[in-house]
Amino acid sequence: MATEGAFIQLAVPRFDGHYDHWAMLMEIFLRLKEYWNVVENGVSTAAEDVTLTEAQKKICEEQKLKDLKAKNYLLQALDRSILETIINKDTSKSIWDSMKHKYQGTTRVKHAHLQALRKEYEIAHMKEGESVNEYIVRVLVITNKMKANGEKLKDVAVVEKILRSMTPKFHYVVCSIEESKDTSILSIDELQSSLLMHEQCMSNIVHEEHALKVTHGNQYAGGGRGRGSFGGRGRGRSRQSFDKATVECYAYHKLGHFQWECKKGEANFAESQVESEECDDPIFP
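For the sequence shown, the UniProt record's numbering begins at 1 and goes up steadily by one.
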């Protein structure tokens, strides 16, 4: 067990692709080691024709040693793939400047991309006709991109996002899940499983209703074709009761019937008279 006041070795900050964050930690680390001056300003060198005193030579040697140690820490912070791109850098300052030029602009691009992803995440909602699987996959694709760009997004935030952005037909399902489960510890996989189960139940109900309509179609349609007040082929579609008490016949000026009914009645009467006379004639002459 370490005693109080014992020296604690600081870990070298590893570069994880997020330059601004790494540069801040690395600068603090090098300042604590008292090597930041050579990283920021470089090592001063004397001209070849200048003769240095022993004290000046000692100062130059100390600066070169500090620069070497700072370079060692910087190399420890970088992966091999990055080291291969800066293998020709001789001083800690040249390594630092190279990293700044390579990755500081990339960090700004990532930040702008992250802002766009945050907006897309906030406005995302389940579309009509979209399945549970399709929507959850769409949300997870956005969240994974956000995490890749440095966003620290917890599962509970994603669960709550999905629950509050479902279509209206899932509202009673969401209420049921929130009442029966603790959403603060509910995983995304558990939420997806629960929503898929409810989606399957709703799909089964729709299929059963469709089967009932197919089996009992005439009852749902209003009782057959043409005779009810719905459907039909035209003649009975909008037929209503009509009072002919005020209708005047143009032929005889009597109320209660139309002229065509009167004429039809006369024709039927004449036809019946002819048939009657034919029946009165004897069969044999």
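Just so you know, even glycine gets a beta-carbon here, dropped at the ideal spot from N, CA and C.
Please look up how many angstroms separate the CB atoms of residue i and residue j, rounded, as I've assumed it's under 8 Å.
i           : j       : result
Ile-162     : Ile-136 : 6 Å
Val-132     : Leu-196 : 5 Å
residue 288 : Phe-15  : Because the chain is modelled from 1 through 285, residue 288 falls outside the range shown and cannot be assessed.
Leu-117     : Asn-149 : 7 Å
Taking the CB atoms as reference points, tell me whether residue i and residue j lie closer together than 8 Å.
i       : j       : result
Asp-67  : Val-43  : yes
Asp-155 : Ser-187 : yes
Lys-147 : Leu-153 : yes
Met-166 : Met-126 : yes
Ala-11  : Val-39  : no
Thr-143 : Glu-160 : no
His-18  : Thr-107 : yes
Ala-124 : Arg-138 : yes
Ser-194 : Ile-177 : yes
Leu-74  : Ser-92  : yes
The alpha helix (DSSP H) spanning residue i covers which residue range?
i           : result
Ser-180     : 171–180
Val-132     : 132–148
Gln-76      : 54–76
Arg-108     : 92–123
Val-43      : Here Val-43 belongs to no alpha helix (DSSP H), and DSSP marks it neither H nor E.
Ile-28      : 19–32
residue 291 : Only positions 1 to 285 of the chain appear in this structure, which leaves residue 291 out of reach.
Arg-80      : 80–83
Ile-162     : 155–163
For residue i, decide whether its Cβ has a neighbour in chain C, counting only Cβ atoms nearer than 8 Å.
i       : result
Leu-153 : Included in the structure is just one protein chain, with no chain C present.
Evaluate the contact criterion for the stretch 111–128 versus the stretch 30–44: three or more CB pairs, one atom per stretch, below 8 Å.
no
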